[in-house]
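Read the structure below first, then the notes.
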Amino acid sequence: MTPQTLINDVIPQAVTHALGYTLLHSLWQGALMALLVGILLRLMHRHSAATRYWVAWGALIALLLVSGVTFYNLYSPDTVSLENTALAVDPAGFTSSITEAHITGPSFWENALAQGQGYFNEHLPAVVMLWLMGMLLMGLRVLGGWVYVQRLRSYRTQAVTQVWQQKTLELSQKLGIHRWVRVAESALVQMPMVIGHFKPLILLPLGAFSGLSTAQVEAILAHELAHIHRRDYLLNLLQSMVETLFFFHPAVWWISDCARTEREHACDDLALALCGDSLTYAYALTNLEEILMKTNVTSPRLAVAFSGRRRSLLGRITRLVQKSNLRPSFSEGFLACCAVIAGVMVFSASAWANYTVPAPSAEPEKQAEKPVLSKSTIIAAVPKQASENPDEDLVLQQLDDDLIIVKNKKGKVVEVYVNGRRIPKSELGKYQSRIDQQLAAAKKGKTIRDDDEVESAMAQVEVSLDRIDEERAHRLAPRAPMPPMPRTPRGFRRDGVAPVAPVPPVAPVAPLSNDKEGNKRYKQSLKEYDARMKEFEARMEEYGEREAEYVARRQADQEGRMTEHNRRLEDQNRRLAEHSVRMKDHEKRMAEHAVRMKDHEERMKKHEAMMKELKAALVSDGLIKSAEADYDFRLDKTGLYIDDKKQSDALFEKYKKIIQSTTGEDVDLMLKKEGANFRIQSNKSSEKTK
């Protein structure tokens, strides 16, 4: 299965086309956006870090929106390719004027562009599949990071003392944070970080309060509260989504890295405004840098960590110590505005270039979109309005193999197609001279109105266009090599697919008798037809050989499958025989078990009879008050004991006979064994010890 068939089975072809070209356009759009961000950040070096952060973060969102607009403009579900759809032609519905004209081939750049576009179109499904696979892997990476961050909230954490929680509340009120911010120590993190937005949690490394001074801990808390005040957790989630969508673009990663750096600078500024001592804050950064160098750890990307990007703390310390004047000048602001305007103009020009102006219509109702014409198209289908409104009948003229002009009944040019592409009205001026030249040549041509003449002329045009297509086939883009195919899975049919019989060539259509040029081309077409017939006969012989090989492979494969089937039947019969033996053993064991169960039931009946007779004798002899009373009955070779009181020898002999008569065992023989006794306790259980 090729990527094209796999993608087309899951995603509509129109979506695949729009998505592939959106990814292609995102390459230059992202590069231009990165260039614009670099210029703006260079010009705005005196602005605040918060402003620079919004510039970088806004560039990521702008790139996402521009790609969305590009996809919307390229997505056209109603577009029908003429390679798969044949257009019906009604000779009575329009007038066709066809003249012989000079065939002008495309330029070098047009040919190169056509080859590149054809190559990209052929590999478009593979590009989309690779992008989907990469986005899936990046999405799993982001999801795994989110799960790990959520695990940090509760696993191996402990709340800080009430003093630090109160200090965090005071700093939150100074920043205008009205949510409850919880602070905890964690054994899994090596640097301070913020997790969550609606229920924010500040995690500090275990022992951070003992390793840092009070002022330094306050500076760290102020920095983390600045992240909460700026809603950096949500913005970081959205930023990670953009990175997942454009994972293949280095410019996006560079812009995202700039945004993270400026985010840390902005939080440093807010924390410094709360603490008021840049030296203390710099010492806190230095101590954390030492921790990072010793532990060699990194923070989760979805958590907003105090250290920010790895190895960026030195730059932040230098920025705090050597803080310069941040008041921007007028010239810098003016140049930044010019850069923004230039970027907007470039994107607007690119969007306008891709915009197609719809053809005007006399009726306000919506017109159906016309299909794209290919080089082998003779005429286009007449719009629906042409048949409904006779005043708007269209005349379609193919004056050149590259140029197709559609006019209304009044002779006004309505649409123009060049190389199968519809030309917008804004670009008609480029082709005006060529249109005028070909319209002048068309007036000298003969207008065909009779049905027979139309059919004959159409046959001649088909022959001419077949010849043109064969000549142009040598200039088309070469077919890309087939990608490596996966190995054939086990169990797949080894005989392959049956060979397909070749299609015989179509004989050319005879021209009119008075058409000398047509007769000349017809003779040439006959020669080519004879050559194609010889080639067809050779292919038929090859097809016969392949068919014979295929039949032989099928027979050999059938014999192999029958042998395998017989072997499996033998294995099944052997397993059935073994199963029969096991079933017989099981039946034998079940019969033995039934005998043992019967013996057990008989012993239980004797035991119940003995207990009943013993209780009755004990009650009648006055040894116990009732059959439900608790007692201890013990009989051994020394005598009879009731509740550890020895009874008379007469009672001893009496109860020996009761037990012997009910159980059928020799009680004297049993009691001769060392330590043997017969005991009943609490009227609930009986025990015979030997």
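Residue numbers for the sequence shown, in the working numbering: 404 to 1093.
No residue lacks a Cβ here, since even glycine has one placed at the ideal position from N, Cα and C.
- Annotation for Pro902: Tyr946, Arg949, Glu950, Tyr953 place their beta carbon closer than 8 Å to its own, counting only its chain and skipping 5 residues before and after.
- For Ile1045, the secondary structure class from DSSP, reduced to helix, strand or coil, is strand.
- Between Ile580 and Leu624, the C-beta spacing is not below 8 Å.
- Taking each of Gly614, Ser557, Lys1008 in turn and checking the Cα distance to Val586, the smallest one comes out for Ser557.
- Approximately 6 Å separates the beta-carbon atoms of Ile808 and Val816; this is inside 8 Å, confirming the contact.
- Taking 8 Å as the cut-off, the Cβ atoms of Asp680 and Ala611 do not count as close.
- Bridge partners of Val531 according to DSSP: none are assigned.
- Using a Cβ-Cβ distance cut-off of 8 Å, the stretch 965-978 and the stretch 921-928 are not in contact, since fewer than three pairs of beta carbons, one from each stretch, lie closer than that value.
- By the Cβ neighbour-count rule, Glu818 is buried, with 16 or more other Cβ atoms within 10 Å of its own.
- In the displayed model, Asn922 falls within a helix according to three-state DSSP.
- The criterion of a C-beta distance shorter than 8 Å is not satisfied by Met936 and Pro905.
- Closest in C-alpha terms to Val458, from the list Arg924, Arg666, Lys1057, comes Arg666.
- Membership of Gln1084 in the beta strand (DSSP E) is indicated by the continuous run 1080-1084.
- In this structure, Leu572 is the residue among Lys1018, Leu572, Asp635 with its C-alpha nearest to the C-alpha of Glu621.
- The alpha carbon of Arg824 has as its nearest neighbour, out of Asp839, Gln841, Leu806, Leu444, the alpha carbon of Leu806.
- The alpha-carbon separation between His652 and Gly433 amounts to approximately 7 Å.
- Here Met436 really is in contact with Ala654; their C-beta atoms are around 7 Å apart, less than 8 Å.
- Closest in alpha carbon position to Leu591, among Lys577, Tyr551, Leu615, is Tyr551.
- The criterion of a C-beta distance shorter than 8 Å is not satisfied by Glu588 and Val566.
- For Ser589, the uninterrupted beta strand (DSSP E) run begins and ends at 585-589, by DSSP.
- Under the three-state reduction of DSSP, Ala562 is assigned to strand.
- For Asp974, DSSP records no beta bridge to any residue.
- Assigned with DSSP and collapsed to three states, Met596 falls in strand.
- Boundaries of the alpha helix (DSSP H) around Asp660: 653-678.
- Judged by DSSP in its simplified three-state form, Lys1018 adopts helix.
- The C-beta distance from Val1022 to Ala1030 rounds to 6 Å, short enough to meet the 8 Å contact threshold.
- Per the C-alpha coordinates, the member of Gly461, Ser613, Ile720, Lys828 positioned closest to Leu443 is Gly461.
- Residues Ala618, Gln619, Ala622 of the same chain have their beta carbon placed closer than 7 Å to that of Thr683, with the five preceding and five following residues left out of the count.
- Across the set Cys661, Arg1082, Ile1027, Ser916, the C-alpha of Cys661 shows the shortest separation from the C-alpha of Leu439.
- For Ile414, there is no enclosing beta strand (DSSP E), as DSSP marks it with neither H nor E.
- Comparing alpha-carbon positions, the option among Lys1049, Glu1068, Pro608 lying closest to Leu1038 turns out to be Lys1049.
- Going by DSSP, Ile605 is part of the beta strand (DSSP E) stretching over 604-608.
- Annotation: Leu539 to Leu648 spans about 9 Å, alpha carbon to alpha carbon.
- For Met532, the closest alpha carbon among the candidates Arg956, Val584, Phe1055, Val418 is that of Val418.
- Counting C-beta atoms within 10 angstroms of its own C-beta, Val984 has fewer than 16 neighbours from the protein chains shown and is therefore classed as exposed.
- Residue range 816-821 is occupied by the beta strand (DSSP E) that includes Tyr820.
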